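Here is the structure we will look at, set down as structure tokens.
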Amino acid sequence: MKYLDVLTAVSDAAAEYVGAMTDKPLSIIPNGIDLAKYQKLPTTSAKTKNVKTLLYIGRLERRKGVKYLL
24 MKYLDVLTAV
34 SDAAAEYVGA
44 MTDKPLSIIP
54 NGIDLAKYQK
64 LPTTSAKTKN
74 VKTLLYIGRL
84 ERRKGVKYLL
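For the sequence shown, this note's numbering puts the final residue at 93, and the numbers step up evenly by one.
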């Protein structure tokens, strides 16, 4: 921990756990996305130049919310 410049946690519980190991300041940055920003787009041709690719790397488990990402 002495080599870390910035400490973050995703929840109060995680911050409490890490905070017990150091006196350094800790920021909480929750996981999550604003679903309203990512509404379904109209169906387009596969030849469209503005096609975006999404890469997800992680476990496929319910709490990860992959169904919302898709």
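For every residue, glycine included, the Cβ atom is placed at its ideal position computed from N, Cα and C. Please read all numbers here as calculations on a predicted model, not as lab measurements.
For T31 and K10, the rounded distance between their alpha carbons: The first residue shown for the chain is 24 and the last is 93, placing residue 10 beyond what the model contains.
Nearest-angstrom Cα separation, counted from A37 out to I52: Cα-Cα distance, rounded: 11 Å.
Beta-carbon spacing of Y91, L58 below 8 Å: yes
Residues sharing a beta bridge with A32, DSSP: I51
Identity of the residue in T76, G42, G55 and Y61 nearest G88 by Cα: G55
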